[in-house]
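One structure below.
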Amino acid sequence: MKLSILAAAALVPFVSAHYFFDVLIIDGVETKSNEFVRSNTRAAKYNPTKWENIRDDMTPDIDDFRCNKGAFTFAGQTGTAEVQAGSKLAMKLAVGATMQHPGPALVYMSRAPTTANNYEGQGEWFKIHEESVCDQTADFTTTAWCTWDKDRIEFTLPADLPDGEYLIRPEHIGVHGAHDGQAEFYNTCAQVKVVGGGSGTPGPTVKFPGAYKRDDPSFNFSIWNGYKEYPIPGPPVWTGGSSSGSGSSVNETVTSADNSASVPPNESTTAPSPQEPITTGRTCHGPRRRRHTRDSKHRNLSPP
Ligand SMILES: [Cu+2]
């Protein structure tokens, strides 16, 4: 079936914008753009990472998925912010963008063996924050999602975090095209030195790449046809204490024997139903309202 771009646009009634994180906010105080956040080498810095219809060569299956394309080449020129365990941080988008894609936001951390500006992120990552749907009664294609139209992801560093240098990896995932395998990943890394921390053992941990699989239910999900529970990707959030989270039993601390916990539910992730919107097959983007920042690829899609 062939639909014109205009007809497809009418079926996909949400505003789109691409974006990237560049500012770390510490206890409400904004630092400078890329002062503590690694930049990237993408031709268009705001492009998402995808499995389908990829922009440049970025997919979630390559090493650069840790901090975004070429980010490690900026590590040496990026500062490392001293932050107190237990403090409130945020990661803010560049150039006034807001998260006008439906989907979850997650924040991961990984401890550097030496210094943060010398660390590629190949070690273990644990999750310290996640948010997805905040209002099930709102429009599930837009405002139902906690991060909708916000310019930042806010989170708290666990007080139990051991002192040391870490990477912080904020991630927003646009799932508007996930029914078609086109989840969009927006992420980067900030460099921090945690002080005043505790003696917790963060976990469960995952690695990037590896934590996300193309056929995970989280990335084969439809926001169309009303609310349904969203399976948040990655391990459970670590809030302190032992490696399997607060209040865990001894048995749960054995990571190798705990694989079943990380296996996605064996639910069908079949093709989208015919009622779902038909996209143009090129991008997630239907209607153009010129919300993209300098995304010339999309400029010509405006209805005449
Ligand atoms: Cu998009």
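Residues -17 to -1, 1 to 287, numbered by mature numbering (1 follows the signal peptide of the UniProt record, and there is no 0), are exactly what the sequence shown covers, in order.
C-beta: ideal position from N, C-alpha, C; glycine also.
Would you kindly work out how many angstroms separate the C-alpha atoms of residue i and residue j, rounded to a whole number?
i	j	result
Phe202	Glu65	35 Å
Ala121	Gly157	17 Å
Ala(-1)	Thr125	12 Å
Ile215	Gly59	33 Å
Thr32	Phe168	5 Å
Lys133	Glu13	16 Å
Ser205	His159	7 Å
Pro200	Ser115	15 Å
Met41	Tyr213	25 Å
Ala26	Ser182	42 Å
Leu72	Trp221	16 Å
Lys196	Gly147	30 Å
Pro162	Trp128	Note that residue 162 is His in the sequence shown here, rather than Pro. The alpha-carbon atoms of His162 and Trp128 are separated by roughly 17 Å.
Ser243	Ser22	For Ser243, the predicted structure reports a pLDDT of 38, less than 50, and the residue's modelled location is therefore unreliable. The matter cannot be settled from this model.
Pro185	Gly164	31 Å
Ile261	Glu35	Low local confidence applies: a pLDDT of 39 at Ile261 is under 50, so the model's placement there is unreliable, and no value is given.
residue 302	Phe123	Since the first residue of the chain shown is -17 and the last is 287, residue 302 is not available in this structure.
Ala166	Tyr2	15 Å
Val177	Leu140	9 Å
Gly228	Phe138	Summary for Gly228: the model assigns pLDDT 44, below 50, so the residue's position carries little reliability; its value from the coordinates is reported in the next sentence. Going from the Cα of Gly228 to the Cα of Phe138 covers about 17 Å.
Please report the Cβ distance between residue i and residue j, rounded to the nearest whole angstrom; I am assuming they are in contact, meaning their Cβ atoms lie under 8 Å.
i	j	result
Thr61	Asn30	Not quite, the Cβ-Cβ distance comes to about 20 Å (not below 8 Å), so this is no contact.
His112	Leu144	Actually they are not in contact, since the Cβ atoms of His112 and Leu144 sit about 13 Å apart, beyond 8 Å.
Ala80	Ser16	Going by Cβ atoms, the distance from Ala80 to Ser16 rounds to 13 Å, so no, they are not a contact pair.
Does the beta-carbon distance from residue i to residue j come in below 8 Å?
i	j	result
Lys75	Val6	yes
Thr56	Phe19	no
Thr24	Gly53	yes
Ile151	Met82	no
Gln67	Gly223	no
residue 321	Trp131	The first residue shown for the chain is -17 and the last is 287, placing residue 321 beyond what the model contains.
Pro192	Pro218	no
Ala95	Tyr149	yes
Asn51	Asn170	yes
Ile8	Arg135	yes
His155	Gly86	yes
Please confirm whether any heavy atom of ligand 1 lies closer than 7 Å to the CB of residue i.
i	result
Glu167	yes
Pro87	no
Pro43	no
His112	no
His84	yes
Pro31	yes
Gly164	no
His155	no
For the beta strand (DSSP E) that residue i lies in, which residues bound it at each end?
i	result
Arg49	First-last for Arg49: undefined, no H or E at that position.
Leu7	4 to 9
Gly147	147 to 157
Val78	No beta strand (DSSP E) contains Val78, which DSSP labels as neither H nor E.
Lys110	109 to 114
Ala88	88 to 94
Arg21	Premise fails: Arg21 is in no beta strand (DSSP E) and is neither H nor E.
Ala173	173 to 178
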